[in-house]
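Per our numbering, the very first residue in the sequence shown carries number 58; after that it's consecutive.
Where a beta carbon is used, it is the ideal one built from N, C-alpha and C, also for glycine.
These numbers were taken from a predicted model, which means no experiment stands behind them.
Reading through the structure tokens given below for one structure.
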Amino acid sequence: AERCRHTSIPLCLINPATPDVRYVILHELMHHQLNELGCPALVCPQLSRQHAGKLLLGSAVVPCDSWMQAIDVVVDPCFIPTLVTTLWELVQHARFNPFLMTNFGCGAQSARDKNLCTLFTGDSNYPYCNPQDRAPVRVVAMALHYVTAKLESSPRVADEFARYLRAQGAEGERTLELGARILLQIKPVDLKVCSLSPDQSEAMVAGMLLDLEGALQVIFEPVCVCVGQPESLETLWQNSCRSVARLDFSTS
């Protein structure tokens, strides 16, 4: 959710080709609303490889058998922050998409279906989702897309996605299993996000951070994940949020 860099007025930037302009506008307004209610931006460490060959996530040494070992940190050093941001977006959507459907009768399906379909029709440009990509990372990337399909696409597309994955054999089954475990951590809630009290807003944000931490723990195990409490800021973070939450990874 962006703001004008001169006035800090919330903005909504729309692709003219989007299939549902109304949903996109409401969706962006909801992100601005969550930011006003205390939804924090995330500060996430990046992967780096030492000269000795050890892979680090922040200061945590990544186990030798972790799927993260298959990430090329030179080509894509921001893979982990991007993954975390994608998951955080899904957690936020789970708090306001039910509200949008209840009060405005629109959902994310029209925006999601077309793009998700490319994942099982061979037309995808999503990174790490093609046959030539390294399997350990592809499983995680495809599992996140499957979670997106289950939460935000139409039932038809979600079912087609599941059938596609089952047809991929053992890798597809691992993807479905990981996606199902992530889904257990994200709890859609129909909240009146435009009329929450300060205590209700604080409880909502705390619940969202717990969802995020649980989902990240599933993805990164056995590396431990801790999502810190929101820290208020004097100025907007990246011209958007009024607080940040820091992620810490450890192997102890």
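Handout entry: ALA74 (DSSP reduced to helix, strand or coil)
Key = coil
Practice task
Check each candidate in CYS101, VAL118, GLN103 and name the one with the smallest Cα separation from ALA109.
Solution key: VAL118
Handout entry: Proximity winner among SER116, ASP305, ARG195, ILE71, relative to ILE82 (alpha-carbon distances)
Key = ILE71
Exercise for the section: Would you mind stating whether ARG169 and THR143 have Cβ atoms separated by less than 8 Å? Expected result: no
Handout entry: Buried versus exposed call for CYS298 [16 or more other C-beta atoms within 10 Å across all chains shown]
Key = buried
Handout entry: SER300 versus PRO97, LYS244, GLN103, HIS84, residue with shortest Cα-Cα distance
Key = PRO97
Handout entry: C-alpha gap between PRO317 and LEU68, whole angstroms
Key = Outside the displayed range of the chain (58 to 309) lies residue 317, so it cannot be described from this structure.
Problem - Continuous alpha helix (DSSP H) assignments of at least 4 residues falling wholly in the stretch 240-303 - result: 255-277
Practice task
Mind checking which residues open and close the alpha helix (DSSP H) that includes LEU201?
Solution key: 192-209
Handout entry: Bridge-paired residues (DSSP) for ASP305
Key = CYS283
Exercise for the section: Using three-state DSSP, classify ARG60 as helix, strand or coil. Expected result: strand
Problem - Cβ neighbours of SER211 in the same chain (closer than 7 Å, five flanking residues each side left out) - result: GLN166, ASP170
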